[in-house]
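**Q** So for the sequence shown, my numbering puts the first residue at 42; every next one is plus one. The structure's right below; bear with me while I get my questions together.
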Amino acid sequence: MTKKNKNIRISAAELSEIWTCYMNDSMLVCVLKYFSNKVVDPDIRPVINKALKVSLNQLQVLEEMFKKENYPIPVGFSQEHDVDIDAPRLYTDGYFLNYIKQMAQISMNNYSMAISLTARDDIYDYFSKCFVESNQLHKMAIDVLLSKGLYIRPPYLLTPEAVEFVDSKSFLAGWFGKRRALTGLEISNLYANIQRNALGIATLLGFAQSTKSKEIKKFMMRGKDIASKHVDVFSKLMRENDLPVPMTWDTEVTENTSTVFSDKLMMFQTTALIATGLGYYGMSMATSPRRDIGVEYIQLMGEVAKYSEDGAKLMIENRWLETPPQAANRRELVDMK
Numbered sequence: 042m043t044k045k046n047k048n049i050r051i052s053a054a055e056l057s058e059i060w061t062c063y064m065n066d067s068m069l070v071c072v073l074k075y076f077s078n079k080v081v082d083p084d085i086r087p088v089i090n091k092a093l094k095v096s097l098n099q100l101q102v103l104e105e106m107f108k109k110e111n112y113p114i115p116v117g118f119s120q121e122h123d124v125d126i127d128a129p130r131l132y133t134d135g136y137f138l139n140y141i142k143q144m145a146q147i148s149m150n151n152y153s154m155a156i157s158l159t160a161r162d163d164i165y166d167y168f169s170k171c172f173v174e175s176n177q178l179h180k181m182a183i184d185v186l187l188s189k190g191l192y193i194r195p196p197y198l199l200t201p202e203a204v205e206f207v208d209s210k211s212f213l214a215g216w217f218g219k220r221r222a223l224t225g226l227e228i229s230n231l232y233a234n235i236q237r238n239a240l241g242i243a244t245l246l247g248f249a250q251s252t253k254s255k256e257i258k259k260f261m262m263r264g265k266d267i268a269s270k271h272v273d274v275f276s277k278l279m280r281e282n283d284l285p286v287p288m289t290w291d292t293e294v295t296e297n298t299s300t301v302f303s304d305k306l307m308m309f310q311t312t313a314l315i316a317t318g319l320g321y322y323g324m325s326m327a328t329s330p331r332r333d334i335g336v337e338y339i340q341l342m343g344e345v346a347k348y349s350e351d352g353a354k355l356m357i358e359n360r361w362l363e364t365p366p367q368a369a370n371r372r373e374l375v376d377m378k
């Protein structure tokens, strides 16, 4: 910690961000150690090892931050309790690569938000470095996907002959009459949401196969069905405009039914993906002028929010949900007198 920062208290936003990062990185280290032990493709191995090295280094820095602030280090996840790196392969190398690409993309969004909420120099510099590392990892994964023909680019748009202005209120309509063509931003969001849900389907299918808990298995399959439904909704909107739909990743799951990850880790990963998905849906809705698309997002968000709540309840029942940094309950403190 630099001299000019040593007397500056950490803010609620800064503490919450480093706590969340610690939880995510400790989970990712477990997942990436398993990936590293199973990967076969020599082109994909360096991407996994790079991601693992980044997460391990970040975890070490975060631990030091907690110690300097005299704040309890979260339990998080560990190789000893939450992953069997010697378990049979659950996913293909192609899945490993796409997982890292998506996680790096999510990390860039999370770190940019953390930077915007941070004022203390040491923490600001840390999140800035994390953003750069995630950006480099994202580019590394994309390059390998491109070299293997696994990266499917979003649709292209025709170049207009001149600048045009919207001249009809039907630009906002969507339920009745002729629907206008999708905007480039609407296409981008639909395409990206299909990709994220497709990876989610494969992830939850693997989790459902490998858990021994009937309750967790049921929860994972419910999530898979929800994600499949959302892919269908978004794909329909794309096809109405004769646009290509990205492929799914169901075939990237093996037939392994052995336990790989702890139920606690799988539930944490699932609820984290749900929260991320809700954020992307909200952004997609805000940037979609067509009313019917906005309504679709609202309905899907309601379904996902209920699923998220049920997941949180399940984690609480099993004492898997760590309490995040929060304000003191002043009324409770007063009543103690």
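For every residue, glycine included, the Cβ atom is placed at its ideal position computed from N, Cα and C. Predicted model only: the values in this text are computed from it and were never measured.
Can the beta-carbon of threonine 392 be found less than 8 Å from the beta-carbon of methionine 307?
**A** Since the first and last residues shown for the chain are 42 and 378, residue 392 lies out of range.
**Q** So, does the segment 129-139 touch the segment 238-249, judging by three or more C-beta pairs under 8 Å?
**A** The segment 129-139 is in contact with the segment 238-249.
**Q** Given a cut-off of 8 Å on the beta-carbon distance, is the pair leucine 245 and methionine 144 in contact?
**A** On the sequence shown, position 204 is the one that residue 245 refers to. On the sequence shown, position 103 is the one that residue 144 refers to. For leucine 245 and methionine 144, no; Cβs fall outside 8 Å.
**Q** Please tell me whether leucine 284 and proline 366 are closer than 8 Å, where the distance is taken between their beta carbons.
**A** Residue numbering aside, residue 284 sits at position 243 when the sequence shown is read from its first letter. Residue numbering aside, residue 366 sits at position 325 when the sequence shown is read from its first letter. No.
**Q** Per DSSP, which residues does isoleucine 132 bridge with? Please list them.
**A** Taking the first residue of the sequence shown as 1, we reach residue 132 at position 91. Per the sequence presented here, residue 132 reads as tyrosine, with isoleucine not at that position. Paired residue(s): Val294.
**Q** Can you tell me the Cα-Cα spacing of leucine 178 and lysine 277, whole angstroms?
**A** Translated into positions along the sequence shown, residue 178 becomes position 137. Translated into positions along the sequence shown, residue 277 becomes position 236. Distance between the alpha carbons of leucine 178 and lysine 277: 32 Å.
**Q** Hey, tyrosine 338 and isoleucine 315: beta-carbon distance below 8 Å or not?
**A** Your numbering for residue 338 matches position 297 in the sequence shown. Your numbering for residue 315 matches position 274 in the sequence shown. No; because the gap between Cβ atoms is not below 8 Å, this pair is not in contact.
**Q** Between the C-alpha atoms of aspartate 162 and alanine 155, what's the straight-line distance to the nearest angstrom?
**A** Start at 1 with the first residue of the sequence shown, and residue 162 comes out as number 121. Start at 1 with the first residue of the sequence shown, and residue 155 comes out as number 114. So the two alpha carbons sit approximately 13 Å from each other.
**Q** Could you check whether the segment 87-96 touches the segment 190-206, counting it as contact only if at least three pairs of C-beta atoms, one from each stretch, sit closer than 8 Å?
**A** Touching, no.
**Q** Which residue's Cα is closest to the Cα of aspartate 386: Leu319, Val102, Asn359?
**A** Residue 386 falls outside the range modelled here, since the chain spans only 42 to 378, and no answer is possible.
**Q** Reducing DSSP to helix, strand and coil, say where phenylalanine 302 ends up.
**A** To locate residue 302, count along the sequence shown from 1; it is residue 261. Three-state result, phenylalanine 302: strand.
**Q** Return the chain-ordered list of same chain residues with a C-beta closer than 7 Å to the C-beta of histidine 122, the five sequence neighbours on each side being excluded.
**A** As a first step, residue 122 must be located in the sequence shown, where it is residue number 81. Result list for histidine 122: Ser303, in chain order.
**Q** Is the separation between the beta-carbon of methionine 262 and that of alanine 249 shorter than 8 Å?
**A** Looking up residue 262 in the sequence shown gives position 221. Looking up residue 249 in the sequence shown gives position 208. Yes, Cβ-Cβ distance for methionine 262 and alanine 249 is below 8 Å.
**Q** By DSSP's criteria, valine 124 is part of a beta bridge. Which residues make up the other side?
**A** Sequence index remark: in the sequence shown, residue 124 carries index 83 (1-based). Paired residues: Phe302.
**Q** Consult DSSP for methionine 326 and reduce its assignment to one of helix, strand or coil.
**A** Translated into the one-based positions of the sequence shown, residue 326 becomes position 285. The answer is helix: DSSP assigns methionine 326 an H, G or I state.
**Q** Classify phenylalanine 168 as buried or exposed, calling it buried when 16 or more other Cβ atoms lie within 10 Å of its own Cβ.
**A** Here residue 168 is taken as the residue at index 127 of the sequence shown, counted from 1. Under this definition phenylalanine 168 is a buried residue.
**Q** With DSSP run on the structure shown, which of helix, strand or coil describes isoleucine 85?
**A** Locating residue 85 in the sequence shown gives position 44, where the first residue counts as 1. In the structure shown, isoleucine 85 sits in coil (DSSP, three-state: anything other than H, G, I, E or B).
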